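Step one of this worksheet: look at the structure below.
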Amino acid sequence: MSTPAPFPTGTILGYPRIGRRRELKRAVESFWKGDITAAELERVSAELRAATRDRLVELGLDGRGSAIPESFSYYDQVLDAAVTVGATPARFSYLEDAEGAVDLAGYFTIARGEGEHLPVEMTKWFDTNYHYSVPEIGPETNFHLASTRLVAQYAEAVAQGYVTRPVIVGPVTFLLLSKASEDAPEGFRPLSRLADLLPVYRELLRALRAAGAEWVQLDEPGLVSESLNEDRLTVLTAAEKAYRELGDDTDRPQIFVAAPYASLDDALPVLAGTAVEAISLDLVRGSLPEFTPGLEAKTLVGGVVDGHNVWRGDLTVAADTLEALRGLGSGAVAVASSTSLQHVPHDVNDEPYLSDQLKSWLAFAEQKVGQIATLATGLVNGRGSISAELAASAAALADRLAAPGVHDPVVRARTAALTADDFSRGEYAARVAAQAAALNLPDLPTTTIGSFPQTGDIRRARASFVRGDITEAQYNEFLREEIRRVVALQEEIGLDVLVHGEPERNDMVQYFAENFDGFDVTQNGWVQSYGTRATRPSLLWGDVSRPAPFTVEWSAFTQSLTEKPVKGMLTGPVTILAWSFVRDDQPLAETANQVALALRDEIADLEEAGIGIIQVDEPALRELLPLKVADQADYLDWSVNSFRLSTAGAADATQIHTHLCYSEFGVVIDAIRALDADVTSIEAARSKMEVVHDIKASGFDHGIGPGVYDIHSPRVPSVAEISELIATALGEIPASQVWINPDCGLKTRGYEETTASLTNILEATRAARG
Ligand code: GLN
Ligand code: ZN
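The opening residue of the sequence shown carries number 1 in the UniProt record's numbering; numbering runs sequentially from there.
Written as structure tokens, this is what we have:
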């Protein structure tokens, strides 16, 4: 037997796959529209994969040493694993061929739904803003190797002259992220199918080995999270079983278990006791482990370059950490990104509008690969060989930490002077009375969540303005006309609390980043959010403040058009942080308070301008919840406090609303109550108002608007359907607390269904009032 190939000294856990200019998005969407064939889509993606491999080698990864991960996906890596192991939900079994395989079109259909077949659910991937497609597993799931696409992609790389490393979500994480299928009996646990799933992974590994693969990467972030639906002992037992069985097979590539997003803790000794050859540690989020028996035979892969954020960071600290890792006494040490680089944009040098100074502080995916190549050189040839790079990164960091704007004394003085009073509003009962007198709303007041349809006209006008084809005055007049229309429509429908529709906002976070100091926005910094959707997270690099009011003019103009109260619309501090790249040189709690004070200034100006209702959206409150239980209380404390700080300056008579995009109240119910918003709107239509039972059980006694219209689909809910949802809500919650609203904003909807649905909501509400 030949000696096994060593693990590459420098590697990444994954690379952005949408393409620098979102080429994959365009190709996939053209395929959906029928403008290109499956074969053409395959060709475009093969070109993208080939270009990525070439580029990664140029940037310093070993093209023949298994350093390049085959981490491409047409839509989502969890969906890829599902179709690989034959886990097609029963309602989509018509998509399968005789071998139980689905083709590319069928793959997208599972993700997006078809006719009355609802798509698989989507949910957040660990504590990131990436969403994966949730597999549905039951006793009926017929696990078998249904796709060898990964093997074909490996062969494609070989044909290009490379020896790469296939990547797939590991079996334990796959089942931990799955939900029980519709047909499964009550209480069924997907993880109970592990024994049936493992032979499929074994077969896949054998096929990869037969194709020549030296190493395979199995992603197991499920082993670091304590927030999935199984107790820790069950997870560890499953990990032990999975990697003992896969490890003991002789006819396989060497196995690299990747564990991004936090530390492995007690899962590390479990993996160390199996035959897997390499294990990654997230040393950005987690800390250095202790030596564990078994590690002397393994390669420890130090994830010291942050895959989840965009800072260039301190390479010397990274090199020190690798030294310390080497000191543990494992068989070998390699360097990697802490997570897949799918969470960061492609290239800092692709940003024409960022200053050179800011760019010198940043590292996007390409720059991070370069850093890893440097650190790998250091591991092999000693620190002296990379001293110039270490010095350059230290200089950039020193420049960043001393830069004006990174420390603004005025902002610092303000947060330092905060006292407990700044975080609390007056008594709720007094607020209710003051608001009732000021607002004079009917029972079961109706409202929307903020945005109205973002039509092609709005997007075209914004693009013309950005290009300079129309003047600012012309653009503003266009927006005012849009607002007049939206107000007239809401009055005609009969809504009680009106909104301006948010036509001036490209994105609910970027709009704030553009108007606050301490932020910059990117031109090409796209990061995949799900499927073909990508966002451009803003860069929060300095102390945050608000130089001037920016939403007030729009809200005041809207209020001037109507006798009805107009709701001012802001994005909350936690959501602004969650959907931006945040500075890493101070606790998030401090950054959150700065953002909160900037919002507090805007709220004061909105009140001054006569706006009596202000909504502060916090859809991301749950998303940042730490994966480790021990860290959660501290997070919930500062996140809730930052929301309270942003809103606590409001007068008793000002009604503060908040909006959350999900209905799993679960662990965050106490936090939501602690926000102390006067009215909270949440998603509820999709789950048929299930959430009202939790609300009642929790003793929630403020205003609550459980959504009665699922805005994720063009479907118009009937009056009868809405009436039933309202009746369910009123069955559990006193009518005096209940608001009637859709699940979320309407920006992705068209006017036709929006008008019809809101009209039905009003009809059902009037009936309920009577
Ligand atoms: N106010 C925002 C809107 O209506 C809220 C969006 C969200 O919850 N994600 O679009
Ligand atoms: Zn929402």
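No residue lacks a Cβ here, since even glycine has one placed at the ideal position from N, Cα and C.
Only a predicted model underlies this, so the values are computations on that prediction, with no experimental measurement involved.
Check                                                                                                                                                                                   : Outcome
According to the Cβ coordinates, are residue 778 and Arg55 closer than 7 Å?                                                                                                             : With the chain represented from 1 up to 770, any question about residue 778 goes unanswered, as that position is not in the structure.
Compute the Euclidean distance between the alpha carbons of Leu627 and Ala87, then round it to the nearest angstrom.                                                                    : 27 Å
Can you tell me whether Leu748 is buried or exposed, with buried defined as 16 or more other CB within 10 angstroms of its CB?                                                          : The question names Leu, but residue 748 in the sequence shown is Thr. Label assigned to Thr748: exposed.
Val276 and Val257: beta carbons closer than 7 Å?                                                                                                                                        : yes
Any heavy atom of ligand 1 within a distance shorter than 6 Å of the CB on Pro619?                                                                                                      : yes
Can you list, in chain order, the residues of its chain whose CB lies under 6 Å from that of residue 774, leaving out five sequence neighbours each side?                               : For residue 774 there is no data in the structure shown, the boundaries of the chain being 1 and 770.
Starting from Leu281, follow its DSSP beta bridges and name the residues at the other end.                                                                                              : Gly302
Please work out which residues of its chain come closer than 6 Å, Cβ to Cβ, to Val406, disregarding the five sequence neighbours upstream and downstream, and give them in chain order. : Gly542
Out of Gln586, Ser681, Asp601 and Val616, which has the shortest C-alpha to C-alpha gap to Ile576?                                                                                      : Val616
Identify whether Ile576 lies in helix, strand or coil by the three-state DSSP scheme.                                                                                                   : helix
Which residue marks the beginning of the beta strand (DSSP E) containing Gly518, and which one marks its end?                                                                           : Asp517 to Asp520
Quick one: grab the DSSP three-state call for Phe452.                                                                                                                                   : coil
Which stretch, first to last residue, makes up the alpha helix (DSSP H) that contains Gln632?                                                                                           : Val629 to Thr647
By the 10 Å Cβ neighbour count, where 16 or more other Cβ atoms means buried, how is Leu401 classified, buried or exposed?                                                              : exposed
I want to check one thing, is the minimum distance from the CB of His659 to the heavy atoms of ligand 1 below 6 Å?                                                                      : yes
Which residues in the same chain have their Cβ closer than 6 Å to the Cβ of Gly19, if we skip the five residues on either side of it in sequence?                                       : Leu48
Which same chain residues, not among the five before or five after Val640, have their C-beta less than 7 Å away from its C-beta?                                                        : Ala671, Ala674 and Leu675
In this structure, does DSSP put Glu763 in helix, strand or coil?                                                                                                                       : helix
Can you list, in chain order, the residues of its chain whose CB lies under 7 Å from that of Arg91, leaving out five sequence neighbours each side?                                     : His117
Could you tell me the alpha carbon to alpha carbon distance between Lys179 and Val78, rounded to whole angstroms?                                                                       : 13 Å
Taking a contact to mean a Cβ-Cβ separation below 7 Å, would you say Gly731 touches Met569 in this structure?                                                                           : no
DSSP on Ser93, reduced to helix/strand/coil?                                                                                                                                            : helix
Can you tell me where the beta strand (DSSP E) holding Trp215 begins and where it ends?                                                                                                 : Trp215 to Asp219
Since Glu70 contacts Pro166 with CB under 8 Å, what's their CB separation in whole angstroms?                                                                                           : 5 Å
Could you check what DSSP says for Thr234 in three-state terms: helix, strand or coil?                                                                                                  : helix
Could you tell me which of Pro453, Ala488 and Glu502 sits nearest to Asn476, measuring between CA atoms?                                                                                : Glu502
If I measure Cβ to Cβ from Gly331 and keep anything under 7 Å in the same chain, skipping five residues before and after, which residues do I get?                                      : Glu296, Ala297, Lys298 and Thr299
Whole angstroms are fine: how far does the CA of Leu489 sit from the CA of Ser713?                                                                                                      : 21 Å
When every heavy atom of ligand 1 is checked, does at least one fall within less than 6 Å of the C-beta of Ser545?                                                                      : no
How about Ala373 and Thr9: do their beta carbons lie closer than 7 Å?                                                                                                                   : no
Closer than 8 Å is the cut-off here; do at least three beta carbon pairs connect the segment 631 to 649 with the segment 580 to 592?                                                    : yes
Count the C-beta pairs between the segment 369 to 384 and the segment 309 to 329 that are closer than 8 Å, then say yes if the count reaches three, no if not.                          : yes
Here's a check: name, in chain order, each residue in its chain whose Cβ is nearer than 8 Å to the Cβ of Asp282, leaving out the five neighbours to either side.                        : Val224, Ala259, Pro260, Tyr261, Ala262, Ser263, Gly303, Ser338 and Thr339
Express the C-alpha separation of Ala210 and Ile726 in angstroms, rounding to a whole number.                                                                                           : 59 Å
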